[in-house]
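The listed protein sequences derive, respectively, from chains S and Z.
For the first sequence, position 37 matches number 37 in the UniProt record's numbering, and the numbering has no gaps at all.
For the second sequence, position 83 matches number 83 in the UniProt record's numbering, and the numbering has no gaps at all.
Cβ atoms here follow ideal geometry from the backbone N, Cα and C, with glycine treated the same way.
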Amino acid sequence: MNGVITVGMADFKTATAPDLLLTAGLGSCIGICIHDPFLKVGGMAHIMLPTANGSLGGNPAKYADTALVLLLKEISGMGALKSRLRAKMAGGAQMFSFPGKPPVLKIGDRNAEAVEQELKRHGIPLLVADVGGNFGRTIHFDVGTGELRIRTINHGEKVV
Amino acid sequence: MEITQLQLDALREIGNVGSGHAATALSTLLQRRIDMSVPEVWAVPFEQVTSIVGQLDTPQAVIYVKVEGEASGKAVFFFPVESAEIVVKALFGTNEPMDLYNEMAQSALKEVGNILVSSFIMALTQFSGIPLQPSVPALAVDMIGATLDAIFLEEGVLEDTVLFIDTQLTGIPKIEGQFIFLPDDGSLKKLLGAMGV
């Protein structure tokens with residue numbers, strides 16, 4: 001039986017196959033999943049905001065830019081090669097809309113953009129981006145196969 | 001910010017009165033007797049909220065309003081889908097299973113949620129003397145973690161302290177619900193100051 005490692009909000013974890021990484025109830029937050037398919041190791045970060053923006057004292061795992069640095073460092077420490085890494089992400093929804101008022105700051109979209117940019121900056125290909133919509137997601141990531149299972153309440157379940 | 005025992009007691013009293021208003025409003029709406037339990041109240045940093053709500057992917061009906069006024073913030077009332085279904089069925093006077101995603105059910109839930117969330121805002125105003133105006137409500141029936149993170153992050157910032165009131169409204173059968181107030185920066189201080197604690 002595979003172990004399941006839970007990643008909380010503003011948190012990140014790494015794992016080796018056959019363990020799975022899980023994060024539950026992603027709204028505008030994003031789950032970033034990265035693995036090395038050769039070594040079958042990987043990690044997941046549950047980020048909440050696009051950038052730490054120089055703000056000190058906060059938890060770096062909250063932000064797309066700083067969380068990715070932490071995650072990559074830990075995965076590299078497990079022997080993974082940066083050139084082999086692959087990424088997938090899910091989340092970034094817009095859960096609420098107020099009638100007649102278009103949201104000025106769509107935090108979900110901004111999060112997705114930030115993750116995409118940061119991955120590009122690190123040269124890691126983004127294979128899947130299941131983002132947007134107005135519904136929550138719970139994700140399971142298999143660090144061995146790279147399979148990402150995305151569960152929703154009212155929008156089905158899929159493996160990407 | 002640090003919350004003293006005296007302040008927590010004052011907040012608990014607001015929770016009491018708010019739950020009382022909520023029970024009365026729901027009782028009038030559903031034409032049945034609704035009792036309430038003495039609520040539990042927490043004032044906790046944002047990170048701890050998720051441990052109070054339990055499983056983050058449990059589906060709940062979540063009603064969200066923005067609160068304008070001198071002590072502005074965000075107010076949320078949420079209940080488990082089972083409770084939401086009980087309320088909607090009672091409202092439509094039916095025993096048939098109810099799809100909470102259909103338009104009629106959603107507008108009913110929004111209305112009920114609005115009444116409940118307003119009950120707590122009314123209590124905040126009553127105790128502090130600070131007039132507060134709720135916006136039109138927004139509704140989501142979805143994973144509780146997903147809805148709360150979206151609300152907390154809406155302005156792109158994380159609030160420091162979150163006021164959390166856990167209330168149980170007991171009709172036949174039991175209806176559970178929780179109220180959250182996220183004060184904007186400085187609002188909690190203003191509220192507590194106005195109450196003299």
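Rounded to whole angstroms, what's the CA-CA distance from residue i to residue j? Just pull it up for me.
i                     : j              : result
G79 (chain S)         : G136 (chain S) : 33 Å
S83 (chain S)         : P125 (chain S) : 9 Å
V117 (chain Z)        : T152 (chain S) : 26 Å
T66 (chain S)         : F127 (chain Z) : 42 Å
K13 (chain S)         : D36 (chain S)  : 15 Å
S97 (chain S)         : G113 (chain Z) : 16 Å
F181 (chain Z)        : A194 (chain Z) : 17 Å
L70 (chain S)         : V7 (chain S)   : 14 Å
V115 (chain S)        : M36 (chain Z)  : 45 Å
A93 (chain S)         : V38 (chain Z)  : 35 Å
K88 (chain S)         : C29 (chain S)  : 14 Å
K74 (chain Z)         : P45 (chain Z)  : 15 Å
L188 (chain Z)        : K158 (chain S) : 43 Å
residue 169 (chain S) : H46 (chain S)  : Outside the shown range of chain S (1 to 160) lies residue 169 (chain S), about which nothing can therefore be said.
L91 (chain Z)         : Q168 (chain Z) : 19 Å
K120 (chain S)        : R110 (chain S) : 15 Å
L26 (chain S)         : L148 (chain Z) : 9 Å
V4 (chain S)          : D19 (chain S)  : 6 Å
P99 (chain S)         : I107 (chain S) : 18 Å
A17 (chain S)         : I34 (chain S)  : 13 Å
For a contact defined as C-beta to C-beta under 8 Å, what are the partners of residue i on chain S?
i              : result
I144 (chain Z) : G25
A108 (chain Z) : The contacting residues do not exist; A108 (chain Z) stays about 16 Å from chain S at best.
Within the present structure, is the beta-carbon of residue i separated from the nearest heavy atom of the ligand ZN by less than 7 Å?
i             : result
F92 (chain Z) : By its list of ligands, the structure shown contains no ligand whatsoever, and the ligand ZN lies outside what it can speak to.
Using a Cβ cut-off of 7 Å, pull out every chain S residue sitting near residue i, in sequence order please.
i              : result
E59 (chain Z)  : Contrary to the premise, residue 59 (chain Z) reads as Pro rather than Glu in this sequence. Within chain S, the residues near P59 (chain Z) are I153.
E154 (chain Z) : I107
V136 (chain Z) : F98, P99
A105 (chain Z) : Chain S residues near A105 (chain Z): none, gap ~13 Å exceeds 7 Å.
A140 (chain Z) : M95, F96
Excluding the 5 residues flanking residue i on each side, which residues of the same chain have their C-beta closer than 8 Å to its C-beta?
i              : result
Y101 (chain Z) : V141
E113 (chain S) : P50
L139 (chain Z) : A61, V62, I63, Y64, Q106, L109, K110, G113
A52 (chain S)  : G58, P60, K62, Y63, D65, T66
Using the beta-carbon of each residue, which ones in chain Z are nearer than 9 Å to residue i?
i              : result
M48 (chain S)  : D149, F152, L153, L158
T138 (chain S) : L56, D57, M143, G145, A146
What residues from chain Z crowd round residue i, counting only those whose CB sits closer than 7 Å?
i              : result
C29 (chain S)  : D149
F135 (chain S) : D142
In chain order, what residues of the same chain have a beta carbon less than 6 Å from the beta carbon of residue i, not counting five sequence neighbours either side?
i              : result
A25 (chain Z)  : I115, S119
A90 (chain S)  : G31, D130, R137, I139, I150
E118 (chain S) : A64, D65, L68
D166 (chain Z) : P39, E40, Q178
L191 (chain Z) : A71, S128
K174 (chain Z) : none
Along chain S, in chain order, which residues have C-beta atoms closer than 9 Å to that of residue i?
i             : result
T50 (chain Z) : G8, M9, G25
Could you work out which residues of chain Z lie near residue i, taking near to mean beta carbons separated by less than 8 Å?
i             : result
A93 (chain S) : A146, A150
F12 (chain S) : None at all; the shortest Cβ gap to chain Z is about 15 Å.
For residue i, which residues from the same chain have a beta carbon less than 7 Å from its beta carbon, with the 5 sequence-adjacent residues on both sides left out?
i              : result
P131 (chain Z) : G69, T125
G145 (chain Z) : T50, L56, D57
L11 (chain Z)  : V41, A43, L163
### Task
Give, in chain order, every unbroken run of the beta strand (DSSP E) that is at least 3 residues long and sits entirely within the segment 71-96 of chain Z.
For the segment 71-96 of chain Z, whole beta strand (DSSP E) runs of length 3 or above, ordered along the chain, are 73-80.
### Query
Does the segment 117-135 of chain Z touch the segment 16-25 of chain Z, meaning 3 or more C-beta pairs lie closer than 8 Å?
Counting C-beta pairs with one atom in each stretch, the segment 16-25 of chain Z and the segment 117-135 of chain Z have three or more that are closer than 8 Å, which means they touch.
### Query
Just checking, does the segment 66-81 of chain Z make contact with the segment 130-147 of chain S on the three C-beta pairs under 8 Å criterion?
Not touching, per the Cβ criterion.
#### Entry: Stretch-stretch touch, CB-based, cutoff 8 Å, three pairs: the segment 137-148 of chain S with the segment 33-50 of chain S
Yes, they touch.
### Message
Quick check: the segment 43-58 of chain Z against the segment 99-113 of chain Z, are at least 3 beta-carbon pairs closer than 8 Å?
### Response
At 8 Å Cβ cutoff, the stretches do not touch.
### Contact the segment 81-91 of chain Z vs the segment 4-16 of chain Z: 3+ CB pairs below 8 Å
As far as the Cβ criterion goes, the segment 81-91 of chain Z does not touch the segment 4-16 of chain Z, which means the pair count is below three.
#### Entry: Length-filtered (3 minimum) beta strand (DSSP E) runs lying within the segment 92-133 of chain S
DSSP runs (the beta strand (DSSP E)) wholly in the segment 92-133 of chain S: 126-131.
### Message
Does the structure place the segment 146-153 of chain Z close enough to the segment 24-41 of chain Z that three or more beta carbon pairs sit under 8 Å?
### Response
As far as the Cβ criterion goes, the segment 24-41 of chain Z does not touch the segment 146-153 of chain Z, which means the pair count is below three.
### Task
Let me know the beta strand (DSSP E) ranges lying completely inside the segment 106-178 of chain Z, each 3 residues or longer, listed in chain order.
Correct list: 132-134, 138-143, 161-170.
### Message
List, from N- to C-terminal side, the alpha helix (DSSP H) runs of 4 residues or more that fit wholly inside the segment 50-86 of chain S.
### Response
Positions of the alpha helix (DSSP H) runs, each at least 4 residues long and wholly inside the segment 50-86 of chain S, are given as 64-77 in order along the chain.
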